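Chemist: Letter by letter, the sequence shown follows residues 1363 to 1811 of the working numbering.
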Amino acid sequence: MNMRIGIIGGGAAGMMAAAAVKEGSPEAEVTLFEKNKYLGAKVSISGGGRCNVTTGIFDVRKLLENYPRGAKFLMSAMFRFPPEKVMEWFEAHGVKLKIEEDLRVFPKSDVGKDVVNALQAYLQSSGVKVLLGSDVVSVVRMVGGHAVSYTQSSNDLAAESSLNIDVKIIKPDQISQEFQITLKDGQSFMFDSLIITTGGNAYRHTGSTGDGYAFAKALGHTVTPLAPSLNSFIMADSWVKSVAGVSFEKAKIIFHGIVKKYERTGAFVFTHYGISGPAVFALSSAAAYETYSKEKPMKLTIDLFPEESPENLLKRVNEMILKLGRKSITNFVDMFLPKSLCPVVVKLLKIDESLQAAQLSKEQRKLMVQYFKQLPFTVIGRGAGDEFVTAGGVPLSEVNTNTMESKICPGLYFAGEILDIDGFTGGFNLQASWATGRLAGESCAGRDC
Ligand SMILES: Cc1cc2nc3c(=O)[nH]c(=O)nc-3n(C[C@H](O)[C@H](O)[C@H](O)COP(=O)(O)OP(=O)(O)OC[C@H]3O[C@@H](n4cnc5c(N)ncnc54)[C@H](O)[C@@H]3O)c2cc1C
């Protein structure tokens, strides 16, 4: 009998896993379950609908620096299917790609759907059974016709009948094992191996509602605490609205967390409700497990002159006052900051707007520099990010890094965002999904069922 492989979740990892199984073992019977009526919902909308397929960082060690969680675990998968191989794969399947200046990789067409279409066409031509609109509601490991539960302390299986009356201990290699998966409409299917690629639980309207965490738990796994990552910040400081759209190429943003401070230097932009942009997403990723809300606000400061010491900046302010001290205070600040931000700083300084720069006291000049270097904010929430992924998931200690197979439940594989892996913005999350999906598929194809 041909090997029967079930894959739950037709996102990046699931589609790539299905393709890899077929490339390694064309005769395998592969069934891909996707609850949506179409494949790759998130892939299509990623990168603002252009699909930031992967990154142009080809040095795998450098690439791995972009994963706040999971870098070490990813090593094996990334060396096997690094960004240039991902690019080769898509190019070979008809998607012409381009590397942009910031090293993000996109389809030349700028149409994210092209990436999904290429995968879908390959799955169709290679005979993968793609079942759309198929919402998996339960996954059960069957041994000799009995549902089994696993104890993590032992490799033995405790097999129970559905009535819970016949509990025996069975060695895994003594008896055939299967996975039974059941859909919402009641249909059920049996597989020799199962790959769970249900994603995280961010952007839930795309279908990624965290169902896989329950499946993983049902098969003996634990799930680490989950947290959103790659988000923008919502601030209590309502003045941000007045500077929405103002951006900085380079600023140092410091999030003053409960346990520690997190800082990132890079570009950011003011939004109507707070701040967003690459440095903000990276910072939110580092501080993913900090909790903050209206009731529990957090402090954040921004250094708008990260390359200049406070002493230097003060010296510059004093020199400018000597030359242009007759300017109004707002016009003076304008020489350092974007125009719309000046009234904000003047207000923070609590000084009369009609004052001339030369009339600023020593203390007021110092305070001005302090605001330039530590503009204060109160963070009260997370806003949608460009990518928005879930930090946390199936613990990496429970999965074999070289195969993506569960260490707890043989024949079960995980790939993609369901794992406790997350990356920064820039194509790193999709790259992790392609690489782990591919490795899970290859390992599964090579498995002797
Ligand atoms: C708006 C947005 C933009 C992004 N942009 C980028 C980007 O530019 N670059 C980048 O690298 N990353 C980006 N990401 C992140 C990236 O899209 C994800 O990390 C990646 O898609 C995860 O792939 P996955 O296959 O693990 O999960 P997903 O893509 O989430 O796929 C999981 C699939 O499983 C299906 N599913 C779930 N439960 C069930 C069930 N019970 N039965 C059947 N099917 C089920 C879901 O419907 C879904 O299709 C973005 C994310 C978002 C939300």
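C-beta atoms are modelled at their ideal positions from N, C-alpha and C, and glycine is treated no differently. Being a predicted model, the structure only gives us computed values, none of them experimental.
#1: May I ask you to check if the CB of Glu1396 is nearer than 8 Å to at least one heavy atom of ligand 1?
#2: If I'm right that Gly1778 touches Ala1374 with Cβ under 8 Å, what's the distance once you round it to whole angstroms?
#3: Is the distance from the Cβ of Ile1558 to the Cβ of Ile1370 below 9 Å?
#4: Count the other C-beta atoms from every protein chain shown that fall within 10 angstroms of the C-beta of Pro1540, then say buried if there are 16 or more, exposed otherwise.
#5: Going by the DSSP bridge assignment, what does His1508 pair with across the sheet?
#6: Does His1583 pass the burial test, meaning 16 or more other C-beta atoms within 10 Å, or should it be called exposed?
#7: Helix, strand or coil: how does DSSP classify Pro1705 here?
#8: Sorry if obvious, but does the Cβ on Thr1571 come closer than 8 Å to a heavy atom of ligand 1?
#9: Does any heavy atom of ligand 1 sit closer than 8 Å to the C-beta of Gln1793?
#10: Distance, Cα to Cα, Val1415 vs Val1761?
#11: Taking only runs of the beta strand (DSSP E) that begin and end inside the segment 1681 to 1747, which ones reach a length of at least 3 residues, in chain order?
#12: So what does DSSP say about Asp1784, is it helix, strand or coil?
#13: Just how far apart, CA to CA, sit Ser1788 and Trp1451?
#14: Pair every Cβ in the segment 1626 to 1639 with every Cβ in the segment 1706 to 1724, then say whether three or more of these pairs are closer than 8 Å.
#15: Under the criterion of a Cβ to heavy atom distance below 8 Å, does Phe1452 qualify as lining ligand 1?
#16: Once you ignore the five residues that flank Leu1717 on each side, which residues in its own chain have a CB closer than 6 Å to its CB?
#17: Can you have a look at Ala1746 and say buried or exposed, based on whether 16 or more other CB atoms are within 10 angstroms of its CB?
#18: Tell me whether Ser1406 sits in a helix, a strand or coil according to DSSP, three-state version.
#19: Under the rule that 16 or more other beta-carbon atoms within 10 Å means buried, what is Ala1807, buried or exposed?
#20: Nearest by alpha-carbon distance to Tyr1575: which of Gly1569, Thr1568, Gly1561, Arg1566 is it?
#21: Could you please give the first and the last residue of the uninterrupted alpha helix (DSSP H) stretch that includes Phe1553?
#22: Taking all protein chains shown into account, do 16 or more other C-beta atoms lie within 10 angstroms of the C-beta of Ile1620, making it buried, or fewer, making it exposed?
#23: Just to confirm before moving on: does the CB-CB distance between Gly1456 and Ser1408 stay below 9 Å?
#24: For Asp1472, which residues in the same chain have their Cβ closer than 6 Å to its Cβ, ignoring the five residues on either side in sequence?
#25: Helix, strand or coil, according to DSSP, for Pro1757 in the structure here?
#26: By how many angstroms is the C-alpha of Met1504 removed from the C-alpha of Gly1636?
#27: Look at the alpha carbon of Gly1572 and the alpha carbon of Ser1555, and state the distance between them as a whole number of angstroms.
#28: Going by DSSP in three states, Pro1849 sits in which element: helix, strand or coil?
#29: What are the start and end residues of each continuous beta strand (DSSP E) run of 3 or more residues lying completely inside the segment 1369 to 1401, in chain order?
#30: Check whether the Cβ atoms of Val1499 and Thr1544 sit closer than 9 Å, and answer yes or no.
#31: State whether the segment 1383 to 1393 contacts the segment 1434 to 1446, with contact taken as three or more CB pairs (one from each stretch) at a distance under 8 Å.
#32: Nearest by alpha-carbon distance to Val1492: which of Gly1372, Gln1726, Phe1468 is it?
#33: So, at 6 Å on beta carbons, what are the nonlocal neighbours of His1634 in its own chain, with the 5 sequence-adjacent residues on each side left out?
#34: Please classify Ala1483 as buried or exposed, where buried requires at least 16 neighbouring CB atoms within 10 angstroms.
#35: Using only the alpha-carbon positions, how far apart do Ile1683 and Ser1671 sit?
#36: Could you confirm whether any beta carbon from chain D is found closer than 9 Å to the beta carbon of Phe1786?
Modeler: According to the structure shown:
#1: yes
#2: 6 Å
#3: yes
#4: The amino acid occupying residue 1540 in the given sequence is Glu; Pro does not appear at that position. Looking at its Cβ environment, which holds 16 or more other Cβ atoms inside 10 Å, Glu1540 is buried.
#5: Val1505
#6: buried
#7: helix
#8: yes
#9: yes
#10: 25 Å
#11: 1737 to 1745
#12: strand
#13: It should be pointed out that residue 1788 corresponds to Gly in this sequence rather than to Ser. Approximately 19 Å, taken between the alpha carbons.
#14: no
#15: no
#16: Ile1691
#17: exposed
#18: helix
#19: buried
#20: Gly1561
#21: Unbroken run through Phe1553 is the beta strand (DSSP E), 1550 to 1553; no alpha helix (DSSP H).
#22: exposed
#23: no
#24: Arg1412
#25: coil
#26: 51 Å
#27: 21 Å
#28: Outside the shown range of the chain, which is 1363 to 1811, sits residue 1849, and nothing can be said about it.
#29: 1391 to 1396
#30: yes
#31: no
#32: Gly1372
#33: Lys1603, Ala1606
#34: exposed
#35: 18 Å
#36: The structure shown contains no chain D; it is built from a single protein chain.
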